[in-house]
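First to last, the protein sequences are chains A and B.
Numbering follows this note's numbering, with no gaps: position 171 of the first sequence is 157.
Numbering follows this note's numbering, with no gaps: position 146 of the second sequence is 148.
Glycine included, each C-beta is placed from N, C-alpha and C at the ideal position.
Remarks on the structure that follows.
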Amino acid sequence: MIRHLLSGADLDAATATQILDTAAEMATVAGREVKKLPALRGRTVVNLFYEDSTRTRISFEAAAKRLSADVINFSAKGSSVTKGESLKDTALTLQAMGADAVVVRHPASGAPHRLANWVDGSVVNAGDGTHEHPTQALLDAYTMRARLGRLAGLHVAIVGDVLHSRVARSNVLLLSTLGAKVTLVGPPTLIPVDIPQALAPGTDVSYDLDAVLPGVDVVMMLRVQRERMGDSYFPSAREYARRYGLDGPRMRRLPEHAIVMHPGPMNRGMEITAEVADSPRSTIVEQVANGVSVRMAVLYLLLGGNNR
Amino acid sequence: MTAYLIRNVSVVGAEPTDLLIRDGLVAEAGAGLTAPDATVLDATGLVALPGLVDLHTHLREPGREDAETVESGSRAAALGGYTAVCAMANTSPVADTAGVVEQVWRLGREAGLVDVQPIGAVTVGLAGERLAELGAMADSAARVRIFSDDGHCVADPRLMRRALEYVKAFDGVVAQHAEEPRLTEGAQMHEGEVSTRLGLAGWPAVAEEAIIARDVLLAEHVGSRLHICHVSTAGSVEVLRQAKTRGVRVTAEVTPHHLLLTDEKAASYDPVFKVNPPLRTATDIAALRAALADGVIDIIATDHAPHAVEDKECEWAYARPGMLGLETALSIALDVLGPQWDLIAERMSRAPARIAGLDSHGLDPAPGVPANLTLVDPAARRVIEPAELASRSRNTPYARMTLPGRIVATFLRGEPTVLDGKAVK
Chain A
-13 MIRHLLSGAD
-3 LDAATATQIL
7 DTAAEMATVA
17 GREVKKLPAL
27 RGRTVVNLFY
37 EDSTRTRISF
47 EAAAKRLSAD
57 VINFSAKGSS
67 VTKGESLKDT
77 ALTLQAMGAD
87 AVVVRHPASG
97 APHRLANWVD
107 GSVVNAGDGT
117 HEHPTQALLD
127 AYTMRARLGR
137 LAGLHVAIVG
147 DVLHSRVARS
157 NVLLLSTLGA
167 KVTLVGPPTL
177 IPVDIPQALA
187 PGTDVSYDLD
197 AVLPGVDVVM
207 MLRVQRERMG
217 DSYFPSAREY
227 ARRYGLDGPR
237 MRRLPEHAIV
247 MHPGPMNRGM
257 EITAEVADSP
267 RSTIVEQVAN
277 GVSVRMAVLY
287 LLLGGNNR
Chain B
3 MTAYLIRNVS
13 VVGAEPTDLL
23 IRDGLVAEAG
33 AGLTAPDATV
43 LDATGLVALP
53 GLVDLHTHLR
63 EPGREDAETV
73 ESGSRAAALG
83 GYTAVCAMAN
93 TSPVADTAGV
103 VEQVWRLGRE
113 AGLVDVQPIG
123 AVTVGLAGER
133 LAELGAMADS
143 AARVRIFSDD
153 GHCVADPRLM
163 RRALEYVKAF
173 DGVVAQHAEE
183 PRLTEGAQMH
193 EGEVSTRLGL
203 AGWPAVAEEA
213 IIARDVLLAE
223 HVGSRLHICH
233 VSTAGSVEVL
243 RQAKTRGVRV
253 TAEVTPHHLL
263 LTDEKAASYD
273 PVFKVNPPLR
283 TATDIAALRA
293 ALADGVIDII
303 ATDHAPHAVE
313 DKECEWAYAR
323 PGMLGLETAL
333 SIALDVLGPQ
343 WDLIAERMSR
353 APARIAGLDS
363 HGLDPAPGVP
373 ANLTLVDPAA
383 RRVIEPAELA
393 SRSRNTPYAR
403 MTLPGRIVAT
413 FLRGEPTVLD
423 GKAVK
C-alpha cells in the first residue's frame, strides 16, 4: 500500500480498486446498529484544516471514529496557526504528538507534499489550493460504480471551473486510470488548454455543453465561485448559468440512465437548478454518505489496518 | 604589496604562460618569468579569466542582513570568481537616493572583496509612480549608471519612456524586469502543462515578451540604451533578435538557472525552485543557450537572491522567489558552454563590464591592465553542499548536484581575495 495519498496520480488501478472494494465493505458498517470497527484502536488521526470545510472535516472525522481511532481536530482558526506558526513547526508538533495520519486541507497547492517531508505518519490530502482532492475523486468513482455498475468505458463530463478545481484534477487522473473517458466542459477561460497533456492524454475538451450531454453516462457539475466574474473569466452569473448551468431542459438531453453529480456545496441557480439537484438522477446526497465509507477505506489501508 | 608570480597558466584558453602581478597591475606576461620577491603560484592546468562581473546581484543590505550582507555576498562573489558585482536596488530602504547608494558603495569598499557597484531604483520606493532622483545617484560617490526597479516591472509606458530618455544625460541604462503585472497577478510558476498539473497559478511567457517588445520600441524611439534582466523565454529571444537586427541599443542577460533548470523542478513543491521569472521549459532553455552562443543574449548574470530559511521552508505560494547564484555561476556556464573560454570571458566579464561602465574590469590579463582576474580549475568537479556556501543563505537549487570547475584564486587589483579555493578574509 502507498504511504501517503497526495494525488490521484498516486493510485494505480489495482490500488484504487482495492480502496473502492474496501469502501464497499465499510459501507455495510453504516447499516449496523453499532457503527464502529476496532481496526484503528489506539491510532491517532489529526484533521489539520487551514480552510473552513465543515463537510470534508466531519466526513474524515466520522470515518476515523468509526474505525475507533483517536481524532484530534486542529483547525487554523483559534490555534497557533493564526499566530503565524509555520507549517513546518506545526508538522513537528504533530509529529511529537505521535500522529499516525494527518488529514490536511490547505489553501496552498502542494502544502500536503511539503507536510509529507516533515512527518513520519501518513498524509492524506483533503484538498490543497487549486491542485487536488483525491478522496473526493475516490468517492465520486465509488458513487458511479455503485449507480452504474462499472467505471471502465463510462463517459463522464466534468463541467465548470476546471482551472481552479481540485476536484476536477483528481477526477481526471483517477477516472482515466480506471478506464473511464472524461470530457471537460466550460468556457475557454476556465479550461486550461493543455490539460490532456498535463493530466491524462485521452481527455477531451468541449465548450458546448448541449452537444456533450446526449453522449455521457455521468455529468459532474463543479461549483463556480461568483468572485470569478470580477476577474473576467465570464461576464455575469446569468450568462454563465445560461451557457453552462444544468437546468431541467438540459438534464432531459441526457440518456435515460445518466446520473448528475456535484461535489458540493452547490450554488443553486448558478451551475445547477433546484429541479436537477433534487431529481432522482442526482447523487449528491449519496456522494456525502459514500464519502465516509471511502475515507474509512483510505485510512484503514494507509495505516496498515489490513496487516493487523 | 606582495607580488605574485602565476606560473604556467592558460590565459583565456591560450597556451600556458606566466603572469607577474605587482602593484595592482599585471606587470609582465610571458614564459619563464622570474621575480625573486614574488610569491609563486603553480597554475598548471588552470585557466586565467578576467575577473567575472555580475550585473545582477541582490546583497540584501540594508534591510535583510539575516539573508545576506554586502560583506557575505562579496565573499560569495569572490569565491565564484567575481571581481565586481552590481547590487540591485530592492533593499530596505530602497536604493532610490544618493544616500542609500553611497552607503552600499561604502560597505562594499570596506569589505574589500569585490567592487560593489550599486544600481539605483528607477522609481521612488520601486512603486512605479514617479522617477527617483536618478541624477543625484549618478553624481554621487557611487557613480550609478544602471537603474532598475528589479523585482518590479516599470510597467507604466510613459514612465519607462521618460526614464530611458532621462538617463541619456549621464550615459545611464535602464535595466528592465520585464513582467506585465496584470498578466502575472498571483502567478507562481511558468504557465504550461506543469502548472496545470500542479494547480499553481501560471506566469505566462507573453507577460515577459510583451514588455520586452514594448521597451525595445520605446528605446528605439528615444534612442536610448536598454538592458533586459533575466530573459527566460524563447519568444523573448526572438523579439530581441529582431530588435538587434534593426540596431536598437538593447542588451540582455540570462541567468545560470534559466540555462539549466526546467519547470518540472516545481513538481517537488520545494520553493527552492521558485524564482521570478520562473523556470521555463526545455524549449526555452534551448533557445536561450543558442542566443547566448550567437550574441542575441549578451551576458550571464546571476540574479543571486539570498533568502532566509523561513522564507523558503514553507508552502510554495508563500515562499519568496529567488535563488543563490554567485558561487555556482561559472560552473553552470562551463557545464552549458563547455570550455569555450573566450565566450565565457565575453559573457561573464567583458560584456557585463562594458554595459555597467566598469572600466577597470572585464580586461583580459595582459601587461599594464588592472590585475582583476580569476583562476579556474576546469578539471575539478565538486558536489554543491548548501552548508558550505559563503552566502548567509542556503537557497541554492543545485544542492547535492555535481558540477564542473572550481575557482582556485581570485585577485582584485592585485590582492588575492581567494587563494587555494578559500576566501582570504
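Determine whether the Cβ of residue i lies closer than 8 Å to any Cβ atom of chain B.
| i | result |
| --- | --- |
| Q211(A) | no |
| R(-11)(A) | no |
| I270(A) | no |
| D180(A) | yes |
| L170(A) | no |
| A223(A) | no |
| Q183(A) | yes |
| K74(A) | yes |
| N293(A) | Confidence at N293(A) is low in this model, with a pLDDT of 49, below 50, so its placement is unreliable and the value that follows should be read with caution. By this cut-off, N293(A) is not an interface position. |
Of the residues the options, which one's Cα is nearest the Cα of residue i?
| i | options | result |
| --- | --- | --- |
| G115(A) | L(-8)(A), I58(A), H150(A), G135(A) | H150(A) |
| E390(B) | R402(B), P159(B), N92(B), L219(B) | R402(B) |
| D(-2)(A) | M247(A), T163(A), A154(A), A283(A) | T163(A) |
| E73(B) | Q105(B), N278(B), A157(B), A382(B) | Q105(B) |
| V49(B) | P341(B), V426(B), E312(B) | P341(B) |
| L242(B) | G297(B), R108(B), I148(B) | G297(B) |
| L367(A) | G70(A), D106(A), R152(A), L159(A) | The shown model of chain A, from -13 to 294, leaves out residue 367(A), and the question about it has no answer. |
| D126(A) | Q273(A), R229(A), L240(A) | Q273(A) |
| T36(B) | H58(B), Q119(B), I8(B), P52(B) | I8(B) |
Check whether the Cβ of residue i lies closer than 8 Å to any Cβ atom in chain A.
| i | result |
| --- | --- |
| R199(B) | yes |
| A284(B) | no |
| L202(B) | yes |
| W318(B) | yes |
| G194(B) | yes |
| Y168(B) | no |
| Y271(B) | yes |
| E312(B) | yes |
| E266(B) | no |
Would the beta-carbon of residue i be found less than 7 Å away from any heavy atom of the ligand ATP?
| i | result |
| --- | --- |
| S12(B) | What this structure holds is no ligand at all, so the ligand ATP is not there to describe. |
If you count every other CB in all the chains shown that lies within 10 Å of the CB of residue i, and 16 or more means buried, which is it?
| i | result |
| --- | --- |
| A260(A) | exposed |
| G135(A) | exposed |
| G101(B) | exposed |
| D217(A) | exposed |
| A33(B) | exposed |
| S222(A) | exposed |
| Q244(B) | exposed |
| K427(B) | exposed |
| H223(B) | exposed |
| V179(A) | exposed |
| E213(A) | exposed |
| T330(B) | buried |
| E17(B) | exposed |
| M256(A) | buried |
| A215(B) | buried |
| E187(B) | exposed |
| T419(B) | buried |
| M325(B) | buried |
| Q122(A) | buried |
| G70(A) | exposed |
| I(-12)(A) | exposed |
Quick one: measure Cβ to Cβ for residue i and residue j, integer angstroms, because I've assumed they're closer than 8 Å.
| i | j | result |
| --- | --- | --- |
| V274(B) | H259(B) | At roughly 11 Å, the Cβ-Cβ gap does not stay under 8 Å, so V274(B) and H259(B) are not in contact. |
| V13(B) | T19(B) | 6 Å |
| F60(A) | N103(A) | At roughly 18 Å, the Cβ-Cβ gap does not stay under 8 Å, so F60(A) and N103(A) are not in contact. |
| L332(B) | L54(B) | 7 Å |
| H192(B) | C231(B) | That belief does not hold up - the Cβ atoms of H192(B) and C231(B) are roughly 17 Å apart, past 8 Å. |
How many angstroms separate the CA atom of residue i from the CA atom of residue j?
| i | j | result |
| --- | --- | --- |
| P380(B) | P183(B) | 41 Å |
| E315(B) | A207(B) | 27 Å |
| P266(A) | D313(B) | 51 Å |
| L208(A) | M282(A) | 25 Å |
| E30(B) | G370(B) | 8 Å |
| R294(A) | G28(A) | In this predicted model, R294(A) has a pLDDT of only 41, less than 50, meaning its place in the structure is not dependable; the value taken from the coordinates is given anyway. Taking the straight line joining both Cα atoms gives about 13 Å. |
| I213(B) | G234(A) | 48 Å |
| S362(B) | P372(B) | 6 Å |
| A319(B) | L21(B) | 51 Å |
| D44(B) | I334(B) | 25 Å |
| R356(B) | M83(A) | 60 Å |
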